[in-house]
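Number of protein chains: 2
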Amino acid sequence: MVKKSPVISVTVDAVVFGYAKTEGVSVLLIRRKYPPFKDEWAIPGGFVLEDESLEEAVKRELREETGISVKYLEQLYTFGAPDRDPRQRIISVAYFALVKTARFMALKADTDASVAQWFNITELPALAFDHKHILEKAIQRIQAKLRYEPIGFELLDKKFPFSDLERLYVSLLGREIDRRNFKKKMLSLEILDELDEYARNDGAGRPGKMFSFNKQRYTQLQKEGILFEI
Amino acid sequence: MVKKSPVISVTVDAVVFGYAKTEGVSVLLIRRKYPPFKDEWAIPGGFVLEDESLEEAVKRELREETGISVKYLEQLYTFGAPDRDPRQRIISVAYFALVKTARFMALKADTDASVAQWFNITELPALAFDHKHILEKAIQRIQAKLRYEPIGFELLDKKFPFSDLERLYVSLLGREIDRRNFKKKMLSLEILDELDEYARNDGAGRPGKMFSFNKQRYTQLQKEGILFEI
DNA sequence: CCAAAAGTGTTCAGGCTACACCCATGG
DNA sequence: CCATGGGTGTAGCCTGAACACTTTTGG
Chain A
96 MVKKSPVISV TVDAVVFGYA KTEGVSVLLI RRKYPPFKDE WAIPGGFVLE
146 DESLEEAVKR ELREETGISV KYLEQLYTFG APDRDPRQRI ISVAYFALVK
196 TARFMALKAD TDASVAQWFN ITELPALAFD HKHILEKAIQ RIQAKLRYEP
246 IGFELLDKKF PFSDLERLYV SLLGREIDRR NFKKKMLSLE ILDELDEYAR
296 NDGAGRPGKM FSFNKQRYTQ LQKEGILFEI
Chain B
96 MVKKSPVISV TVDAVVFGYA KTEGVSVLLI RRKYPPFKDE WAIPGGFVLE
146 DESLEEAVKR ELREETGISV KYLEQLYTFG APDRDPRQRI ISVAYFALVK
196 TARFMALKAD TDASVAQWFN ITELPALAFD HKHILEKAIQ RIQAKLRYEP
246 IGFELLDKKF PFSDLERLYV SLLGREIDRR NFKKKMLSLE ILDELDEYAR
296 NDGAGRPGKM FSFNKQRYTQ LQKEGILFEI
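Laid out in structure tokens, this is it:
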């Protein structure tokens, strides 16, 4: 028996994470311009075109809707409940993306704030469709992944003080970390380069030394079967 | 700008894992009856119908094509390269499934062996479409998952001797395990019940005590934040 | 009695956790 | 000189890895 394929549309959606020292980890959302769920907040995304890959579709939609371009992009999960869109049967392949602090800041100038906006992950608004569900899954995934892959660095600038890295982990994991133990473990992985540079001092306190993630070294260690784990 | 959704079909595919004491871990494949890739081996699957969920589609296709029904089913990854099917644009949501030994045996009687057949994961044939890629991803996933979730039990009978569990891990991870350390760790998790029963002795050797997985207890421990890790 | 498979404890090393005081800077 | 944030070491505990002989059964 050969079956006919029914009419099902395919979209991609992207949960974009950003980090800023003062605000912790945030997610990029857009305000919908058209029904259904007009004027409600939603994860950016849209239909996949006939001759583009899923990843290309995500990158295109992010460019069109928010103006940002991401470097780290990973497939999250595919949502396909028959009633998840009131108009028609739509299956959504969800991704999560990480952007560096610098780009994160850039958005604030570039984009009309009423269309695309960052929300701290602890203060999320109501969301259209099943997007709340998608976002929860994305947060779960990034929390889990943070502990066995060095993805945190994708959210930081190239050079960062150690305290930034620590704050990022605290913000994402939602609990305190012992500074000494964290630094000891992180340095023992030998994937950080200590630079001869100090953070600019904005306000008070001793300026911290800058570090950078040594991706080459990480790839090398990975090949040798040595794992990142925190 | 509102975009029209292009014509893209959605299929589901399922990598079904089974385990038998004598043969180790195997995968269920079907021989294709129609072009493209006629007479080649493929992962079972097919088109998603308009009003069924993705999981329902997987279960239906497995029933239709192989006669088995699975209990454990988990989404693996969605494959959507524009050229992955020579006929038209098709996006496939891949799942992996685990079946208990008993059902695994049942198939051999039920099904025409030239249509559906088990293959040991170390002796796989060439596969249609990008199914080799899908299968590799599934094996990676189950190997990783085995170490932090008690999914191995889904492949065993309700009651099993400890040696079966050990053989399963050896077969899936592809390396030897120290029996004493493995048993110590497994028992320390307190998710196994030791029964007052012994394995039937087929051949030689001392009969082993039977155990069963205490799922309730596992769920309880999980709630308390205690993790399975092996 | 021989072959096959199951059962069982100890030791050592390395990693994880807990914990508190000093230092550099700006205001 | 005070407030703020960064930098640093040690000791106890626990977990994971290595390792070999005895017991039960069937043939």
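In order, the protein sequence lines correspond to chains A and B.
Add 95 to the 1-based position in the first sequence for the numbering used here, that's all there is to it.
Add 95 to the 1-based position in the second sequence for the numbering used here, that's all there is to it.
By construction, the Cβ of each residue, glycine as well, lies at the ideal position given by its N, Cα and C atoms.
ask   = In the structure shown, what three-state DSSP assignment does LEU171 of chain A receive?
value = Your numbering for residue 171 of chain A matches position 76 in the first sequence. Reduced to three states, the DSSP call for LEU171 of chain A is strand.
Does the distance from the C-beta atom of ILE288 of chain B to that of THR196 of chain B stay below 8 Å?
Taking the second sequence and counting its residues from 1, one reaches residue 288 of chain B at position 193. Taking the second sequence and counting its residues from 1, one reaches residue 196 of chain B at position 101. The amino acid occupying residue 288 of chain B in the given sequence is Asp; Ile does not appear at that position. No, the pair does not count as a contact, with Cβ atoms beyond the cut-off.
**Message:** Using 8 Å for Cβ pairs, my map puts LYS166 of chain A next to GLU249 of chain A. What's the rounded Cβ distance?
**Reply:** Taking the first sequence and counting its residues from 1, the one referred to as residue 166 of chain A is at position 71. Taking the first sequence and counting its residues from 1, the one referred to as residue 249 of chain A is at position 154. So it is a contact: roughly 7 Å between Cβ atoms.
Q. Excluding five sequence neighbours on each side, which residues of the same chain lie with their C-beta closer than 8 Å to the C-beta of MET185 of chain A?
A. Reading the first sequence from its first residue, position 90 is the one you call residue 185 of chain A. The question names Met, but residue 185 of chain A in the sequence shown is Ile. Answer for ILE185 of chain A: ILE103, SER104, VAL105, THR106 and ARG179, listed in chain order.
request  = Please classify SER54 of chain B: is it buried, with 16 or more other beta-carbons within 10 angstroms of its beta-carbon, or exposed?
outcome  = One cannot answer for residue 54 of chain B here, as it falls past the ends of chain B, which runs 96 to 325.
(message) the ligand NAD and ILE138 of chain A: does the residue's C-beta get closer than 7 Å to at least one heavy atom of that ligand?
(response) No copy of the ligand NAD occurs in the structure displayed, which carries no ligand at all.
**Item:** Delimiting residues of the alpha helix (DSSP H) encompassing ASP108 of chain B
**Value:** Mapped onto the second sequence, residue 108 of chain B falls at position 13. ASP108 of chain B -> not in any alpha helix (DSSP H); beta strand (DSSP E) instead, spanning 104-115.
### Message
Using a Cβ-Cβ distance cut-off of 8 Å, determine whether ASP146 of chain B contacts chain A.
### Response
In the second sequence, residue 146 of chain B corresponds to position 51, counting from 1. For ASP146 of chain B, the answer is yes, since a Cβ of chain A falls inside 8 Å of its Cβ.
Next on the checklist: With a threshold of 7 Å on Cβ separation, who are the neighbours of ILE229 of chain B within its own chain once the five nearest residues in sequence on each side are excluded?
Outcome noted: Counting from one through the second sequence, the residue named residue 229 of chain B turns up at place 134. Correct list, in chain order: ASP108, VAL110, ILE138, PHE174 and ALA189.
Counting contacts by CB-CB distance shorter than 8 Å, is GLN170 of chain A in contact with chain B? Within the first sequence, residue 170 of chain A is the residue found at index 75, counting from 1. At least one CB of chain B lies nearer than 8 Å to the CB of GLN170 of chain A.
query = Is the region 125-137 of chain A close to the region 146-159 of chain A, with three or more CB pairs under 8 Å?
reply = Counting C-beta pairs closer than 8 Å gives fewer than three between the region 125-137 of chain A and the region 146-159 of chain A, which falls short of the contact rule.
* Asked: Taking a cut of 7 Å between CB atoms, which residues from the region 172-183 of chain B lie near chain A?
  -> TYR172, THR173, GLY175, ALA176 and PRO177
Would VAL143 of chain B count as contacting chain A if we go by Cβ distances under 8 Å? As a first step, residue 143 of chain B is located in the second sequence; it is residue number 48 there, counting from the start. Contact with chain A is found for VAL143 of chain B, since one of that chain's Cβ atoms lies less than 8 Å from the residue's Cβ.
| query | Cα separation between MET96 of chain B and PHE142 of chain A? | reply | Position 1 of the second sequence, counted from the first residue, corresponds to residue 96 of chain B. Position 47 of the first sequence, counted from the first residue, corresponds to residue 142 of chain A. Residue confidence is low: MET96 of chain B scores 49 on pLDDT, short of 50, so the model does not pin down where it sits. No coordinate-derived value is stated.
How would you call TYR293 of chain A, buried or exposed, if buried means at least 16 neighbouring beta carbons within 10 angstroms? As a working mapping, residue 293 of chain A is identified with position 198 in the first sequence. Counting Cβ neighbours within 10 Å, TYR293 of chain A comes out exposed, since fewer than 16 surround it.
- Query: Can you list, in chain order, the residues of its chain whose CB lies under 7 Å from that of GLU324 of chain B, leaving out five sequence neighbours each side?
  - Reply: Within the second sequence, numbered from 1, the residue matching residue 324 of chain B stands at position 229. ARG242 and TYR243.
Using CA coordinates, which residue listed in A:LEU260, A:TYR264 and A:ARG301 is at the minimum distance from ALA308 of chain A?
The residue labelled residue 308 of chain A in the question sits at position 213 within the first sequence. According to the sequence as given, residue 308 of chain A is Phe; it is not Ala. The option with the nearest alpha carbon to PHE308 of chain A is A:LEU260.
Which term fits LEU171 of chain B, buried or exposed, when burial requires 16 or more other beta carbons within 10 angstroms of its beta carbon?
As a first step, residue 171 of chain B must be located in the second sequence, where it is residue number 76. With 16 or more Cβ atoms within 10 Å of its Cβ, LEU171 of chain B is classed as buried.
### Query
Rounded to the nearest angstrom, how far is the Cβ of GLY320 of chain A from that of TRP213 of chain A, given a contact under 8 Å?
Numbered from its first residue, the first sequence carries residue 320 of chain A at position 225. Numbered from its first residue, the first sequence carries residue 213 of chain A at position 118. Incorrect: roughly 38 Å between the Cβ atoms, too far for contact.
GLU289 of chain A (DSSP reduced to helix, strand or coil)
For the purposes of this step, residue 289 of chain A is identified with residue 194 of the first sequence, where counting begins at 1. Strand.
Could one say the Cβ of LEU39 of chain A lies closer than 8 Å to chain B's Cβ atoms, at least one of them?
-> Lying outside 96 to 325, the shown extent of chain A, residue 39 of chain A is not represented and no answer is given.
- prompt: Are the C-beta atoms of VAL105 of chain B and some chain A residue less than 8 Å apart?
  reply: Sequence index remark: in the second sequence, residue 105 of chain B carries index 10 (1-based). True, the Cβ-Cβ gap to chain A drops below 8 Å.
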